[in-house]
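Only one structure is covered here, and it is reproduced in the block below.
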Amino acid sequence: MEELTEKLKKEIIEALNLEETNASDIDTDAPLFMEGLGLDSIDALELIVLLEKKYGLKIHAAKEGKKVLYSVKTMAEYIRKNNKG
Amino acid sequence: MSDKVFVTGIGIISAIGNDVSEVLKSIYLKKSGLGFSSYIDTIYKNEIPVAEVKLSNSELIEKISNHSSQLYTRTALLGLIAAKEAIKNAQIENISEARTGLISATSVGGMDRSEIFFKDFLADSRKGRLRNIIGHDCGDNTTKIADYFGISNYVTTVSTACSSSANSIMMGARLIKNNILDRVIVGGVDSLTAFTLNGFNSLMILDRQPCRPFDETRNGLNLGEGAGFLVIESERLLEKRNKKIYCEVKGYGNACDAYHQTASSPDGTGAKLAMTKALKVAQLSPADISYINAHGTGTPNNDLSEGKAIEDIFQESAPYFSSTKSFTGHTLGASGAIEAVLSILAMDNKLILPNLNFTTPMKELRIVPVIDLIENAEIKNILSNSFGFGGNNTSLIFSKC
Amino acid sequence: MKENLIIKDFCKIRNNQIFRNGILLFHDETLANPALFLKSAYKYFNLSYPKFFKMDNLSKLGFLATEILLKDKIKENLLIPGETGIVISNSASSLDTDRAFYETISDNSNFFPSPAVFVYTLPNIMIGEICIRHKITGENAFFVSEKFDAEFLYNYVSDLFKLNKISQCIAGWVDLLGDNYDAVQYFIEKGKNETNENVIFEPENISRIYIK
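Protein chains in written order, with my numbering: chain Y, 1 to 85; chain V, 86 to 486; chain Z, 487 to 698.
Structure representation (structure tokens):
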């Protein structure tokens, strides 16, 4: 699980152009939106693309996305649960 | 004292009609132009409703009957057809009899053809027909129209997303008021492209159903295409010309929402500023407005933002309002002008235009849009809103003479 | 004394050099592509605005030019955001980003339209970014023309002031396509032409500053 969260953090930084952030700056359990990294709605959409691109998982509705994208931890759990490889 | 600015001609081509009379007929029949695409090559052909002009490129070319239009982009074809109708409607016999300008607007330009070129070119850089990209620039449709009619005093193109052609109208009015031009053909055009469809889809703001502006269950917008043009002239020129006048371009206002690249502020700051400025220029109070043609895209975000702004400004005297995007779809760069034409048609025919597909009021708003086509309505002043990505918000006011 | 429009400040970003009011503030000719140069300038000027990195190259260029243009105004609280207008033009529109977006949808086997890129496929989003940063809510417009047109800029901006729509204006040319870019921005205010320091906002001066 730890390996996956570290990998995810790096992928998030790349996908969202978070140039001034290191993986060590991102708290696995902290909310990604509002507080925490302070990401916005376009970032959320890019994370949805990331899940599809890197993990083959498709999110169809905004509500579903909100739950899955809450934190790096929830994203990793979602990937583990639905892992298509 | 600066001249008043009057509308003397209107032209339109959209999903609900290929000219003014067809469009008016669709309004009376409450017939929407939404449906699945027939002409564009996209994986979403049978999935995402759009508002397409019901003519293929060959049919559009036939309408223009000009041999070089074989190479024109769909954008240029639509623009030329609508501009032609407006100029004919204004009964202009000699375009050079007065200082005449042209301001068009677009967001996609010739992308409809460029994306065909690029696909081939990316696969093999020796492939791809260059003729498909010569019309790419935003200014291409404008130049084609200017050349066709011999307009040379002033020609330019505005590109500010969904407020583009509303800004064309505003700018044209100012050029007349400043005595730089006597007459301006103003408007805009956009055609459907896979580029835009995919882009909006990636933002998850497209509805898989026909859009429902200002409805509690609304879930996004439907893209549309088309063109709208007005001929606007100065009071002084019309003293000599003696032509029927549709209405006066009485007010206009532009402001930046300064909130997000593509979303509107929750309290409708930009919308409020634009509407307030337009009222100020027109020297009217909110109670003077008979009908608002809202931007009303059907996205959860816009309709809440715009709805709140309308409530704030109009308080207890909110007039009839509706979004006509459930008729025409969201025509992006052309929307300001297309909706200006619809507003002017409404005023001219004493109609209040209905907001189709509305059933459930939004819980955050007191006001609800008008759902019936109301005839024999006394319409003095119409406010038309166009709010674009980048927070570029414009409001126009048309007044009965 | 008659009130004129004055070019209070101007900024130029060209050939990997950044000038403000004619003085070279930063340069790095070793960086071949605009993205790297703009990032280097961002770090040099300590801009501290992480959203910068989400912008496309065109918006980064326009944003950077404005940051430098407004340096003193912001420090001394002289910007009036509710009365500031923004008028920008260019020739490539958002073509640089249009291409980038198209590449995310051109291959059916690797089809991932990018929302973050799509958002920038309109040239006026650049103005939006500047407005968001400084809370500027005045009138804003974006024009596309073949080349820089000093006469047009003069007419359009003067008109805005004449109608009392704005009391300050950020105007200019911000163009970028591939490795080629060019940005010149002017900060315009009302003023009196008493001293030699005040450059009058008129086509000849606008051109002169642009060309030099």
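Here a beta-carbon is modelled for each residue, glycine too, at the ideal position from N, C-alpha and C.
Neighbourhood of residue i by C-beta, 7 Å cutoff - its chain only, sequence neighbours within 5 removed
| i | result |
| --- | --- |
| Leu608 of chain Z | Ser580 |
| Asn238 of chain V | Arg184, Thr185, Gly186, Leu266 |
| Ile456 of chain V | Pro439, Asn440, Phe443 |
| Ser545 of chain Z | Tyr606, Ile611, Met612, Glu615 |
| Ser192 of chain V | Ser244, Ala246, Ser249, Asp275, Leu417, Gly418 |
| Gly85 of chain Y | Its pLDDT being 47, under 50, Gly85 of chain Y is placed unreliably by the model, and nothing is read from it. |
| Ser371 of chain V | According to the sequence provided, residue 371 of chain V is Pro. The question's Ser does not apply to it. Same-chain partners within the cutoff: Leu364, Ile398, Phe399, Ser402. |
| Asn519 of chain Z | Asp665 |
For residue i, the nearest candidate out of the options (CA to CA)
| i | options | result |
| --- | --- | --- |
| Gly194 of chain V | V:Ile218, V:Ala175, V:Phe203 | V:Ile218 |
| Gln368 of chain V | V:Lys335, V:Cys296, V:Gly309 | V:Lys335 |
| Ala379 of chain V | V:Lys393, V:Phe121, V:Asp373, V:Ala372 | V:Lys393 |
| Met256 of chain V | V:Gly224, V:Ala246, V:Thr241 | V:Thr241 |
| Ser248 of chain V | V:Ala136, V:Asn226, V:Ser471, V:Ser390 | V:Ser471 |
| Val573 of chain Z | V:Lys435, V:Asp352, V:Ala340, V:Tyr157 | V:Ala340 |
| Asn434 of chain V | V:Gly164, V:Ile188, V:Ala190, V:Lys485 | V:Lys485 |
| Pro599 of chain Z | V:Tyr157, V:Leu288, V:Lys262 | V:Leu288 |
| Leu145 of chain V | V:Leu162, V:Glu170, V:Asn327, V:Asn151 | V:Leu162 |
| Ile166 of chain V | V:Asn263, V:Asn478, V:Ile149 | V:Ile149 |
| Phe412 of chain V | V:Arg268, V:Cys296, V:Leu140, V:Ala190 | V:Cys296 |
| Leu450 of chain V | V:Gly353, V:Met432, V:Phe203 | V:Gly353 |
Neighbouring residues, chain Z, relative to residue i (Cβ below 8 Å)
| i | result |
| --- | --- |
| Val49 of chain Y | Phe598, Pro599, Ser600, Pro601 |
| Glu52 of chain Y | Phe598 |
Residue i: contacting residues in chain Z (beta-carbon distance under 9 Å)
| i | result |
| --- | --- |
| Leu18 of chain Y | Pro536, Phe539, Lys540 |
| Lys10 of chain Y | Result: empty, since nearest Cβ-Cβ is about 16 Å, beyond 9 Å. |
| Leu207 of chain V | Tyr588, Glu589, Ser592, Asp593 |
| His345 of chain V | Gly614, Ile618 |
| Thr160 of chain V | Ordered by position in chain Z, no residue passes the 9 Å Cβ test against Thr160 of chain V, which lies about 13 Å from the chain. |
Chain-ordered chain Y contacts of residue i [CB-CB under 8 Å]
| i | result |
| --- | --- |
| Ser287 of chain V | Leu45, Val49 |
| Ala246 of chain V | In chain order: nothing, as chain Y lies at least about 15 Å away. |
Beta-carbon contacts of residue i that lie in its chain and below 6 Å, excluding the five residues immediately before and after
| i | result |
| --- | --- |
| Met487 of chain Z | Unreliable placement is indicated for Met487 of chain Z, whose pLDDT of 49 sits below 50; no coordinate value is reported for it. |
| Phe280 of chain V | Met196, Glu200 |
| Glu637 of chain Z | Pro689 |
| Asp43 of chain Y | Leu16 |
| Ile459 of chain V | Ile437 |
Residue i at chain V interface by Cβ criterion, 7 Å
| i | result |
| --- | --- |
| Asn610 of chain Z | yes |
| Gly85 of chain Y | Low per-residue confidence applies at Gly85 of chain Y: pLDDT is 47, beneath 50, and the placement is therefore not dependable enough to give any value. |
| Ser653 of chain Z | no |
| Ile622 of chain Z | yes |
| Ser575 of chain Z | no |
| Ser526 of chain Z | no |
Neighbour flag for residue i against chain Z, beta carbons, 7 Å
| i | result |
| --- | --- |
| Lys63 of chain Y | no |
| Asn339 of chain V | yes |
| Leu277 of chain V | no |
| Leu481 of chain V | no |
| Val364 of chain V | It is worth fixing the name first, because residue 364 of chain V is Leu in this sequence and not Val. No - not a single Cβ of chain Z is within 7 Å of the one on Leu364 of chain V. |
| Thr127 of chain V | no |
| Ala358 of chain V | First, the residue type needs correcting, since residue 358 of chain V is Leu and not Ala in the sequence shown. Answer yes: the Cβ-Cβ gap between Leu358 of chain V and chain Z drops below 7 Å somewhere. |
| Lys328 of chain V | no |
Other residues of its chain near residue i: CB distance less than 8 Å, five sequence neighbours each side excluded
| i | result |
| --- | --- |
| Val603 of chain Z | Asp542, Thr583, Ala586, Phe587, Thr590 |
| Val108 of chain V | Ile97, Ser99, Ile101, Gly102, Val426, Leu427, Leu430 |
| Thr286 of chain V | First, the amino acid is wrong: residue 286 of chain V is Asn here, not Thr. Only Tyr129, Ile133 meet the Cβ criterion. |
Under 7 Å by beta carbon: chain Z residues contacting residue i
| i | result |
| --- | --- |
| Arg42 of chain Y | The sequence as given places Ile at residue 42 of chain Y; Arg does not occur at that position. Within chain Z, the residues near Ile42 of chain Y are Pro601, Ala602, Val605. |
| Glu333 of chain V | In chain order: nothing, as chain Z lies at least about 18 Å away. |
The ligand MN heavy atom lying under 6 Å from the CB of residue i
| i | result |
| --- | --- |
| Ser349 of chain V | By its list of ligands, the structure shown contains no ligand whatsoever, and the ligand MN lies outside what it can speak to. |
Listed by chain order, chain V residues near residue i by CB distance under 9 Å
| i | result |
| --- | --- |
| Asn626 of chain Z | Thr245, Asn339, Ala340, Cys341, Gly475, Gly476, Asn477 |
Listed by chain order, chain V residues near residue i by CB distance under 7 Å
| i | result |
| --- | --- |
| Val630 of chain Z | Cys223, Gly224, Thr242, Ser244 |
Within chain Y, the residues that residue i reaches when beta carbons sit closer than 9 Å
| i | result |
| --- | --- |
| Ala348 of chain V | Asp40, Ser41, Ile42 |
Contact list for residue i against chain V, beta-carbon separation under 8 Å
| i | result |
| --- | --- |
| Asp645 of chain Z | Arg259, Asn263 |
| Ser693 of chain Z | Per Cβ cutoff of 8 Å: no residues; Ser693 of chain Z is ~19 Å from chain V at best. |
**contact_flag[the stretch 353-367 of chain V, the stretch 407-421 of chain V] where n(CB pairs < 8 Å) is 3 or more** = no
**Prompt:** Do the stretch 440-452 of chain V and the stretch 307-317 of chain V meet, that is, are 3 or more Cβ pairs less than 8 Å apart?
**Reply:** no
**Prompt:** Touch check for the stretch 309-324 of chain V and the stretch 282-291 of chain V: three-plus C-beta pairs under 8 Å?
**Reply:** no
**Request:** Check whether the stretch 615-632 of chain Z touches the stretch 561-573 of chain Z, taking contact to mean three or more Cβ pairs, one atom from each stretch, closer than 8 Å.
**Result:** yes
**Message:** Within 8 Å, do at least three Cβ pairs link the stretch 496-504 of chain Z to the stretch 660-679 of chain Z?
**Reply:** Result yes; three or more Cβ-Cβ pairs closer than 8 Å.
**Stretch-stretch touch, CB-based, cutoff 8 Å, three pairs: the stretch 37-44 of chain Y with the stretch 7-23 of chain Y** = Segments in contact, yes.
**Request:** Could you tell me whether the stretch 520-539 of chain Z touches the stretch 548-560 of chain Z, where touching means 3 or more Cβ pairs closer than 8 Å?
**Result:** Contact between the stretch 520-539 of chain Z and the stretch 548-560 of chain Z is established, with three or more Cβ pairs separated by less than 8 Å.
**Request:** Could you tell me whether the stretch 69-77 of chain Y touches the stretch 16-30 of chain Y, where touching means 3 or more Cβ pairs closer than 8 Å?
**Result:** A contact is defined here as three or more CB-CB pairs under 8 Å, and the stretch 69-77 of chain Y meets this definition with respect to the stretch 16-30 of chain Y.
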